[in-house]
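Notes to accompany the following structure.
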Amino acid sequence: MKISDIGEFGLIKRLAGGTIFNPNGVIKGIGDDAAVIMTGQDRVLLVSCDMLVDGVHFIYGKIPLFDLGHKAVAVNMSDIAAMGGVPRHVLVSLALPSRFTVEEAEELFNGMKSLLSRRSVNLIGGDTVRSDVFTIDVTILGEALIGSVIMRSGARPGDVVMVTGSLGDSAAGLEILLNDQLSGRVSADDREYLLAAHLTPEPRLDQSSLLVKLGFVTAMMDLSDGLAGDIKHICESSRVGAEIYLDRLPYSQCAARVARMAGKNVVHWALNGGEDYQLLFTVPSGKEEEVIEAFCGAGLGAVTAAGRITDPGCGVRLVGFEEDIKHLAKGFDHFSG
Ligand SMILES: [Mg+2]
Numbered sequence: 072m073k074i075s076d077i078g079e080f081g082l083i084k085r086l087a088g089g090t091i092f093n094p095n096g097v098i099k100g101i102g103d104d105a106a107v108i109m110t111g112q113d114r115v116l117l118v119s120c121d122m123l124v125d126g127v128h129f130i131y132g133k134i135p136l137f138d139l140g141h142k143a144v145a146v147n148m149s150d151i152a153a154m155g156g157v158p159r160h161v162l163v164s165l166a167l168p169s170r171f172t173v174e175e176a177e178e179l180f181n182g183m184k185s186l187l188s189r190r191s192v193n194l195i196g197g198d199t200v201r202s203d204v205f206t207i208d209v210t211i212l213g214e215a216l217i218g219s220v221i222m223r224s225g226a227r228p229g230d231v232v233m234v235t236g237s238l239g240d241s242a243a244g245l246e247i248l249l250n251d252q253l254s255g256r257v258s259a260d261d262r263e264y265l266l267a268a269h270l271t272p273e274p275r276l277d278q279s280s281l282l283v284k285l286g287f288v289t290a291m292m293d294l295s296d297g298l299a300g301d302i303k304h305i306c307e308s309s310r311v312g313a314e315i316y317l318d319r320l321p322y323s324q325c326a327a328r329v330a331r332m333a334g335k336n337v338v339h340w341a342l343n344g345g346e347d348y349q350l351l352f353t354v355p356s357g358k359e360e361e362v363i364e365a366f367c368g369a370g371l372g373a374v375t376a377a378g379r380i381t382d383p384g385c386g387v388r389l390v391g392f393e394e395d396i397k398h399l400a401k402g403f404d405h406f407s408g
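Quick note, this note's numbering runs 71 ahead of the 1-based positions in the sequence shown.
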């Protein structure tokens, strides 16, 4: 059987069975944004790792090494934010081609260190090997009180689906990088904003800690693959369905302008673009206004109610103009729910 027959998540499911040989202290193993391990009476350790591979997750030469270092750390911090935790330490393993210079490796580390220092997170170890394929693997350790951990499994029918920030900005930034036709046509401000969203995403740690403080979030994860695919993980873990309202998806005017120029659909980017590293979470019905006011009061940017959790068996449904759905569903088997 080829891996492509069952996909990445099908493979994980097959490999993840029978992996816990001493369940003492293991609250969550494989299957959430990070593993959750008891370390004291009321404290847990959050552990996650994320690998970035040249040619798969980034293209060497298309992204400045400083930004790549930032991104490698940011995507890991994002997984700790997704659990409602605080990042503390990282370990970094590098596979470097022999053509790599010392200065290049230092530039990569400088990008990591600038985000690590800003968030008071230590780099405490790792490994370095030579390889034909440039690869960065970051392991992150975070902390949380056991009562503050927010997993993917707590969503209930009737809960409101919310997302932080705007969706599709990273996809728009990638379009600018890859589509030569756009060069010179996108305004300098749009270009700067969208490239930053793609190259140097900011982990939503402040938003996460505010949500933990509010205390009523039922499920949470970070958006790495895109809302349409990622909401399925919450549905699967929580054994529920979900409706996403296409007309409520938050996207920026910058992304909308670039989509128009490129002949692309900004709603499609918001649903499937991926790499936004915003937080996707659910709250009990009626609590959405409280979240919006709290974000506004704390100056933490936009937060939007974009859907609703439904009964199990309903799958993931996109609700909107029929034409939109037909267009958006084309070629995406994960839309079948
Ligand atoms: Mg994640």
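Every residue gets a Cβ at the ideal spot worked out from N, C-alpha and C, and that includes glycine. Keep in mind the model is a prediction, meaning the values are calculated, not measured.
### Task
Determine the direct distance from the alpha carbon of Ile77 to that of Lys84, and round the result to whole angstroms.
Mapped onto the sequence shown, residue 84 falls at position 13. Mapped onto the sequence shown, residue 77 falls at position 6. Answer to the nearest angstrom: the Cα atoms are 10 Å apart.
### Task
Name the two residues that bound the continuous alpha helix (DSSP H) containing Met183.
Mapped onto the sequence shown, residue 183 falls at position 112. Note, Met183: alpha helix (DSSP H), 173–189.
### Task
Report yes or no: do the segment 99–116 and the segment 161–181 share at least 3 C-beta pairs separated by less than 8 Å?
no
### Query
Alpha carbon to alpha carbon, how far is Gly102 from Arg256?
In the sequence shown, residue 102 corresponds to position 31, counting from 1. In the sequence shown, residue 256 corresponds to position 185, counting from 1. The alpha-carbon atoms of Gly102 and Arg256 are separated by roughly 43 Å.
### Query
Short check: CB of Ser241 to CB of Pro321, under 8 Å?
Within the sequence shown, numbered from 1, the residue matching residue 241 stands at position 170. Within the sequence shown, numbered from 1, the residue matching residue 321 stands at position 250. Not a contact, by the Cβ cut-off of 8 Å.
### Query
What first and last residue would you give for the alpha helix (DSSP H) that runs through Leu238?
To locate residue 238, count along the sequence shown from 1; it is residue 167. Where Leu238 is concerned, there is no enclosing alpha helix (DSSP H), given that its DSSP letter is neither H nor E.
### Query
Leaving out the 5 sequence neighbours to the left and right, which residues in its chain are closer than 7 Å to Ser254 when beta-carbon positions are compared?
For this step, residue 254 is matched to residue 183 along the sequence shown. If we look at Ser254 and ignore the five residues flanking it on each side, it has no Cβ neighbours.
### Message
Using a strict less-than 7 Å threshold between each residue's beta carbon and the heavy atoms of ligand 1, what residues do you get?
### Response
Asp104, Ser149, Asp150, Ala153, Met292, Asp293, Ser295
### Query
Mind checking Met72: buried by the 16 CB within 10 Å criterion, or exposed?
Along the sequence shown, read from residue 1 onward, the residue named residue 72 stands at position 1. Its Cβ having fewer than 16 others within 10 Å, Met72 is exposed.
### Residue burial classification, Ile91 (beta-carbon count within 10 angstroms, cutoff 16)
On the sequence shown, position 20 is the one that residue 91 refers to. With fewer than 16 Cβ atoms within 10 Å of its Cβ, Ile91 is classed as exposed.
### Query
Gly408: buried (16+ other C-beta within 10 angstroms of its C-beta) or exposed?
Here residue 408 refers to the residue found at position 337 of the sequence shown. The pLDDT assigned to Gly408 is 32, lower than 50, so where the model puts this residue is not dependable; a value taken from the coordinates is nonetheless given after this. Result: exposed.
### Query
DSSP state of Val220, grouped into three classes?
In the sequence shown, counting from the first residue as 1, residue 220 sits at position 149. Here Val220 sits in coil by DSSP.
### Message
Considering Cα atoms alone, identify which of Phe129, Ala105, Val115 is closest to Asn95.
### Response
Looking up residue 95 in the sequence shown gives position 24. The residue with the shortest Cα to Cα distance from Asn95 is Val115.
### Message
My assumption, with CB atoms under 8 Å, is that Ser119 sits in contact with Ile211. Please give the rounded CB distance.
### Response
Mapped onto the sequence shown, residue 119 falls at position 48. Mapped onto the sequence shown, residue 211 falls at position 140. Ser119 to Ile211, Cβ: 5 Å. Contact.
### Message
Quick check on the DSSP output: the beta strand (DSSP E) that includes Gly312 runs from which residue to which?
### Response
Walking along the sequence shown from the start, residue 312 turns up at place 241. Run containing Gly312: 312–316, per the beta strand (DSSP E) assignment.
### Task
Tell whether a beta-carbon distance below 8 Å holds between Cys306 and Leu265.
For the purposes of this step, residue 306 is taken as residue 235 along the sequence shown, with counting starting at 1. For the purposes of this step, residue 265 is taken as residue 194 along the sequence shown, with counting starting at 1. No, they are not a contact pair.
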